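Participant: The sequence shown begins at 3 in my numbering and counts up by one. Glycine included, every Cβ here is placed at the ideal spot set by N, Cα and C. Treat the numbers as computed from the prediction; the structure is a model and nothing was measured. This is the structure, below, for whatever I ask next.
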Amino acid sequence: MYSRINPKSIASEILEGFHSNNGELVEKYAMDTELIQKNGAEVGLPKYKIRGPAIDFSMPIELHIKSPYPSRLKVSAVLREILNLSQKAFEQRITNESIRSASGLDLKKCRIQTEVVLIIEN
């Protein structure tokens with residue numbers, strides 16, 4: 003992650019974490035796509051699983067999409083998979099606001115950060 007730098011320029015707890023192969027530190031750096039890209043690596047989309055109970059979409063719901071790490075994965079891709087919608091049907095539901103972000107995010111463009119809260123109405 004760090005090359006050609008003086009080890010003294012890295013915080014001692016981080017350096018010790020690298021030396022001891024600290025699992026949390028490894029996971030943090032492994033999932034930091036910005037840092038990985040900055041170091042010249044190509045970052046692909048992560049594999050993911052949709053977990054949780056089946057949802058009854060016949061009534062209004064508040065849906066939380068959570069990830070422990072920021073991702074390049076688009077909210078629209080996950081949401082279309084959950085709802086089994088075509089691109090056109092998804093865009094129509096965005097336009098008529100039957101699907102919207104609780105915080106006003108552009109659901110056609112935004113990517114999953116740690117949590118996205120959606121309002122889905124019939």
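Check for me: the alpha helix (DSSP H) holding I38 runs from which residue to which?
Facilitator: As a working note, residue 38 is residue 36 in the sequence shown. Here the alpha helix (DSSP H) through I38 covers 35 to 40.
Participant: May I ask you to report which of helix, strand or coil DSSP gives K30?
Facilitator: Position 28 of the sequence shown, counting from 1, holds the residue named residue 30. Reduced to three states, the DSSP call for K30 is helix.
Participant: Near I96, which residues of its chain fall below 6 Å by C-beta distance, leaving aside the five closest residues on each side in sequence?
Facilitator: Translated into the one-based positions of the sequence shown, residue 96 becomes position 94. For I96, where only same-chain residues beyond five positions count, the Cβ hits under 6 Å are L109.
Participant: Here's a check: name, in chain order, each residue in its chain whose Cβ is nearer than 7 Å to the Cβ of S60, leaving out the five neighbours to either side.
Facilitator: Stepping through the sequence shown from its first residue, residue 60 is reached at position 58. The answer, listed in chain order, is N124.
Participant: Could you tell me how far apart the beta carbons of V45 and I38 are, in whole angstroms, since I believe they sit closer than 8 Å?
Facilitator: One-based indexing of the sequence shown puts residue 45 at position 43. One-based indexing of the sequence shown puts residue 38 at position 36. Your pair V45 and I38 checks out as a contact, with CB atoms roughly 5 Å apart and the cut at 8 Å.
Participant: Specify the secondary structure class of Y63 as computed by DSSP and reduced to three states.
Facilitator: Indexing the sequence shown from 1 puts residue 63 at position 61. In the sequence under discussion, the amino acid at residue 63 is Ile, which differs from the Tyr named in the question. Looking at I63 - three-state DSSP - the assignment turns out to be strand.
Participant: Hey, could you find the ends of the beta strand (DSSP E) E99 is sitting in?
Facilitator: Counting from 1 along the sequence shown, the entry for residue 99 is found at position 97. From DSSP, E99 is part of no beta strand (DSSP E); its letter is neither H nor E.
Participant: Identify, in the order they occur along the chain, each residue of the same chain with its Cβ nearer than 8 Å to the Cβ of V80, setting aside the five sequence neighbours on each side.
Facilitator: Along the sequence shown, one-based indexing puts residue 80 at 78. Cβ neighbours of V80 beyond the five flanking positions: Y50, I52, I67, I114.
Participant: R113 bridges to which residues according to DSSP?
Facilitator: On the sequence shown, residue 113 is found 111 positions in, with the first residue counted as 1. Answer is K76, bridged to R113.
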